[in-house]
Amino acid sequence: MNEWLALTIGNSRCHWALFENETLCQSWDAPPMDEAVVNAFIAHPGGFIPLLNGKARPELWFASVVSKQSKPWTAYPQVKVITLAQIPLHHVYSTLGIDRALALWGAIATYGSPALVIDCGTAMTFTGADPQGNLVGGAILPGLKLQVQALGQNTAALPELEAKLISDVPPRWARTTESAIASGILQSAIASIQSFVLDWQQHFSNGAIVITGGDAVLLHHLLRQELPGVFSVIELDLNLAFWGIRELRRRVKVV
């Protein structure tokens, strides 16, 4: 068996995947790992990931948007650190997040180009590429939980919602403060998605539009309820970054 790992470190979570050759066996999220935990993992990966079937240290393909969390992983003997320069998108700018680039490359590798990726994580991002794989550009706005935290922490009379309260779809015209916050945040999120999708289609009438990230399932569900026309053109895929890593690895192995 040729098992290998993919790890992307985001702003709030670590995203893991276990592959056997090119088959995704399992993916999961975990809290950030401090240096001591990383060192423990390096010493005995199987203690953290039982599915490794006893393989001492499988190949690890790694990317991080949090620079301070990257250094400990360089001590892993089989690590392959992914940089922006390695991702074969054209006309990228130097500060483009590695997570956005990987997800976009994963969308192109899986669904073809042009492609628009809507990533609903700590930040909500829109990132698009044209039919030739050139980066068109995109946008960044606060994700759902950041908006919840901002209202709770920066207003005197509004409560900070528990995460579970934002996971349920409230009525648009809410009659409690908590539901009104959830309604405002969720409805504005899908309105943003609608706006970017419709504009994208003016430029690229064909091609993939894919939603991913921690809040993607919730927003995809809400789009189906509220904006079925937009919902119908959006693919839900929570593993875009891993498809991007898999394609990079495939290209390296072929060379």
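Quick note: the sequence shown uses the working numbering, first residue 3, plus one each step. Glycine residues also receive a C-beta, built at the ideal position from the N, C-alpha and C atoms.
Please say whether residue j and residue i have beta carbons closer to each other than 7 Å?
i	j	result
I44	A77	yes
I176	A182	Correcting the residue type first, residue 176 is Ala in the shown sequence and not Ile. Yes, the Cβ-Cβ distance between A176 and A182 is below 7 Å.
P60	L7	yes
L220	I187	no
Considering residue i, what are the terminal residues of the beta strand (DSSP E) in which it resides?
i	result
S29	T25 to A32
I236	Segment: none, I236 is in no beta strand (DSSP E) and carries neither H nor E.
A8	E5 to I11
F21	C16 to E22
L98	Counting along the chain, L98 falls outside any beta strand (DSSP E), and DSSP gives it neither H nor E.
T214	A210 to T214
With a threshold of 16 other CB atoms inside 10 Å of the CB of residue i, please say whether the residue is buried or exposed.
i	result
I142	exposed
E37	exposed
E24	exposed
A158	Because A158 carries a pLDDT of 49, less than 50, the predicted location of this residue cannot be relied on, and no value is offered for it.
F128	buried
In the structure shown, what three-state DSSP assignment does residue i receive?
i	result
S69	helix
D1	Limits of the chain in this structure are 3 at one end and 257 at the other, which puts residue 1 out of reach.
A158	Reliability fails at A158, whose pLDDT of 49 lies under 50, so the model's placement of it is uncertain and the value that follows must be treated cautiously. Here A158 sits in coil by DSSP.
P258	The structure shown does not extend to residue 258, since the chain spans only 3 to 257, so no value can be given for it.
I44	helix
L91	coil
F128	strand
Note the first and the last residue of the continuous alpha helix (DSSP H) segment covering residue i.
i	result
G145	Premise fails: G145 is in no alpha helix (DSSP H) and is neither H nor E.
Compute the minimum distance between the beta carbon of residue i and the heavy atoms of the ligand SAM, and state whether it is under 6 Å.
i	result
A184	As presented, the structure is devoid of all ligands, the ligand SAM included, so that no description of it is given.
* Report yes or no: do three or more beta-carbon pairs, one from the segment 212 to 219 and one from the segment 116 to 127, lie closer than 8 Å? => yes
* Asked: Is there contact between the segment 226 to 241 and the segment 189 to 207, where contact requires at least three CB pairs shorter than 8 Å?
  -> yes
* Determine, using beta-carbon pairs with one atom in the segment 128 to 138 and one in the segment 146 to 154, whether at least three such pairs fall under 8 Å. => no
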